[in-house]
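The structure under discussion appears below in the form of structure tokens.
In mature numbering (1 follows the signal peptide of the UniProt record, and there is no 0), the protein residues as written are -21 to -1, 1 to 310.
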């Protein structure tokens, strides 16, 4: 009888806390080519495939959100299990949850060059933006584009001036920002973009041009978009999370070896009207690297600490990433 009471109490505790049995994964992704690996994993049902190999039937739920701030809120609210956003949002939520939810990185979605594009003929560099300009990016002061812009400002004017351009920035999803740059019809005169939106802007508006490249600011290729989760989810779902990372590795390998097939999957998944030839060209760009190990992320992380954006200073990228053999060779 006592054992029965204990079992009943344990069941009540599980129900009260809303705990889920292993095998469910809710993934938040955003817009653009940096999320291609997730598109491939979804289309080819790779998470489910590796789940079966690891002895668990995985139910995958896909959610589309925009901006690192919204995604971090969803992760901490428990409405998603895997967040997909930039290195800036990851470092922000890692710092905020240290010693509590302990959010850390799971994998990278690859390295992609991000371009700051303007359609204002008077703007030749970041020093030329004025109060008449608005720079669109996914999340003001939080997104990776915002942090790269701040780092560029710090490099030009010193760390004390890192936020000098923040007053010109505006939160806007990439599709809307691209439409604004192409049309010349709004107050948006700048867009810190991602592929394929930046390539569309350059192809469709003769006034659009690049004034800043993320790789130039960061000193080389860098993983701008990452996937991360809470420590609780990782501990309670080891097989599911392992299956997820294995699926990402296969998807990354597919994207690297099959740019045409990857283009078809992207077009289908995103219901995009982008020119297929342009998309294939993006995937074949040697600056685009499909890998799941984080690359060159520590520079932004330590910059954020240096300017007071986060309290905790990471000594290495491993401080804000979970241990995972498939991403062991990160940076």
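Note that CB positions come from ideal geometry on N, CA and C, so glycine has one too. Because the structure is a prediction, the values reported are computed rather than measured.
Three-state secondary structure (DSSP) of residue i
| i | result |
| --- | --- |
| residue 191 | strand |
| residue 1 | coil |
| residue 46 | coil |
| residue 296 | helix |
| residue 303 | coil |
| residue 126 | helix |
| residue 12 | helix |
| residue 308 | coil |
| residue 133 | helix |
| residue 38 | strand |
| residue 7 | strand |
| residue 197 | helix |
| residue 274 | coil |
| residue 17 | helix |
| residue 290 | coil |
Alpha-carbon spacing of residue i relative to residue j, whole angstroms
| i | j | result |
| --- | --- | --- |
| residue 172 | residue 123 | 10 Å |
| residue 204 | residue 181 | 22 Å |
| residue 298 | residue 250 | 38 Å |
| residue 26 | residue 85 | 15 Å |
| residue 290 | residue 281 | 10 Å |
| residue 105 | residue 39 | 42 Å |
| residue 58 | residue 103 | 43 Å |
| residue 81 | residue 224 | 19 Å |
| residue 258 | residue 78 | 42 Å |
| residue 131 | residue 42 | 32 Å |
| residue 285 | residue 256 | 42 Å |
| residue 296 | residue 16 | 22 Å |
| residue 18 | residue 230 | 9 Å |
| residue 233 | residue 87 | 15 Å |
| residue 31 | residue 60 | 20 Å |
| residue 125 | residue 245 | 26 Å |
| residue 301 | residue 52 | 20 Å |
| residue 261 | residue 141 | 31 Å |
| residue 34 | residue 23 | 19 Å |
| residue 309 | residue 134 | 25 Å |
| residue 177 | residue 157 | 7 Å |
| residue 160 | residue 128 | 18 Å |
| residue 108 | residue 144 | 8 Å |
| residue 37 | residue 20 | 13 Å |
| residue 54 | residue 187 | 36 Å |
| residue 120 | residue 264 | 29 Å |
| residue 3 | residue 110 | 47 Å |
| residue 294 | residue 274 | 15 Å |
| residue 100 | residue 183 | 16 Å |
| residue 220 | residue 228 | 13 Å |
| residue 64 | residue 242 | 21 Å |
| residue 236 | residue 137 | 42 Å |
| residue 29 | residue 167 | 44 Å |
| residue 164 | residue 226 | 42 Å |
| residue 92 | residue 207 | 21 Å |
| residue 49 | residue 185 | 33 Å |
| residue 306 | residue 252 | 34 Å |
| residue 287 | residue 47 | 19 Å |
| residue 7 | residue 139 | 34 Å |
| residue 162 | residue 217 | 47 Å |
| residue 268 | residue 89 | 6 Å |
| residue 195 | residue 201 | 10 Å |
| residue 272 | residue 169 | 31 Å |
Beta carbon proximity, residue i to chain C, threshold 8 Å
| i | result |
| --- | --- |
| residue 205 | You won't find chain C in this structure, because it holds only one protein chain. |
Start-to-end residues for the beta strand (DSSP E) that takes in residue i
| i | result |
| --- | --- |
| residue 206 | 204 to 208 |
| residue 62 | 62 to 65 |
| residue 151 | Where residue 151 is concerned, there is no enclosing beta strand (DSSP E), given that its DSSP letter is neither H nor E. |
| residue 116 | 113 to 116 |
Residue range of the alpha helix (DSSP H) that includes residue i
| i | result |
| --- | --- |
| residue 282 | 277 to 285 |
| residue 32 | 25 to 32 |
Handout entry: Cβ pair count under 8 Å reaching 3, the stretch 186 to 194 against the stretch 88 to 98
Key = yes
Practice task
Could you pull out every unbroken alpha helix (DSSP H) segment of at least 4 residues lying fully inside the stretch 214 to 272, listed in chain order?
Solution key: 217 to 236, 238 to 249 and 255 to 263
Practice task
Determine, using beta-carbon pairs with one atom in the stretch 143 to 157 and one in the stretch 114 to 122, whether at least three such pairs fall under 8 Å.
Solution key: yes
Exercise for the section: Give a yes or no on contact between the stretch 64 to 73 and the stretch 212 to 232, applying the rule of three or more CB pairs nearer than 8 Å. Expected result: no
Practice task
Determine, using beta-carbon pairs with one atom in the stretch 8 to 28 and one in the stretch 159 to 178, whether at least three such pairs fall under 8 Å.
Solution key: yes
Problem - Every unbroken alpha helix (DSSP H) within the stretch 155 to 187, with a cutoff of 4 residues, ordered by chain - result: 176 to 183
Handout entry: Runs of beta strand (DSSP E) wholly within the stretch 46 to 110 (minimum 3 residues, chain order)
Key = 62 to 65, 83 to 87 and 94 to 97
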